[in-house]
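Peer 1:
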Amino acid sequence: MFYYDQSDIRDTLERAAITRSSSWYEGFLNYHTSQGYGLAHGLTGLEGCLEVLRERKSIEKEVLKLLPWKHLILDNSGYDWEACLEQVDRFLEAKLT
Numbered sequence: 006m007f008y009y010d011q012s013d014i015r016d017t018l019e020r021a022a023i024t025r026s027s028s029w030y031e032g033f034l035n036y037h038t039s040q041g042y043g044l045a046h047g048l049t050g051l052e053g054c055l056e057v058l059r060e061r062k063s064i065e066k067e068v069l070k071l072l073p074w075k076h077l078i079l080d081n082s083g084y085d086w087e088a089c090l091e092q093v094d095r096f097l098e099a100k101l102t
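Going by the working numbering, the sequence shown opens with residue 6, and the numbers climb by one from there.
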């Protein structure tokens, strides 16, 4: 299993928002704050969305520890896809040999 990670959730979201429409951005914020954790905790707007995403990331990483199979956390905070692909290659080679 591969888990894609970014250390700065705000920066990642802002980078994505630049390339997408304002309706996508508003929909993304609303999706994360108007249901589940966001709704239960009264979260709104960008800061609320970021809190939801941080909590989700924390839960996902705890779940990874419980799964019975190997996983690789790919930290692409530097937006270096070549480095990530090299990590994937090394991971797969180690698991297949």
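By construction, the Cβ of each residue, glycine as well, lies at the ideal position given by its N, Cα and C atoms.
Closest by CA to Phe-33, which one among Ser-82, Thr-24 and Cys-54?
Peer 2: Nearest of Ser-82, Thr-24 and Cys-54 to Phe-33, Cα basis: Cys-54.
Peer 1: When burial is assigned at 16 or more other CB atoms within 10 Å of the CB, is Leu-48 buried or exposed?
Peer 2: buried
Peer 1: Keeping to the same chain, check which residues put their C-beta closer than 8 Å to that of Met-6; ignore five residues upstream and five downstream.
Peer 2: Leu-69, Leu-72, Trp-74, Lys-75, His-76 and Leu-77
Peer 1: Reducing DSSP to helix, strand and coil, say where Leu-48 ends up.
Peer 2: coil
Peer 1: What are the partner residues of Asp-10, as DSSP defines its beta bridges?
Peer 2: Asp-80
Peer 1: Ala-22 to Val-57, Cα distance in whole Å?
Peer 2: 17 Å
Peer 1: How long is the line joining the alpha carbons of Phe-96 and Arg-20, rounded to whole angstroms?
Peer 2: 28 Å
Peer 1: Look at the alpha carbon of Thr-17 and the alpha carbon of Asp-10, and state the distance between them as a whole number of angstroms.
Peer 2: 10 Å
Peer 1: In the DSSP assignment, find the alpha helix (DSSP H) that holds Trp-74 and state where it starts and stops.
Peer 2: Taken as a continuous stretch (DSSP letters only), Trp-74 belongs to no alpha helix (DSSP H), as it is neither H nor E.
Peer 1: Just reading off the alpha helix (DSSP H) that Gln-92 is part of, what are its end residues?
Peer 2: 86-101
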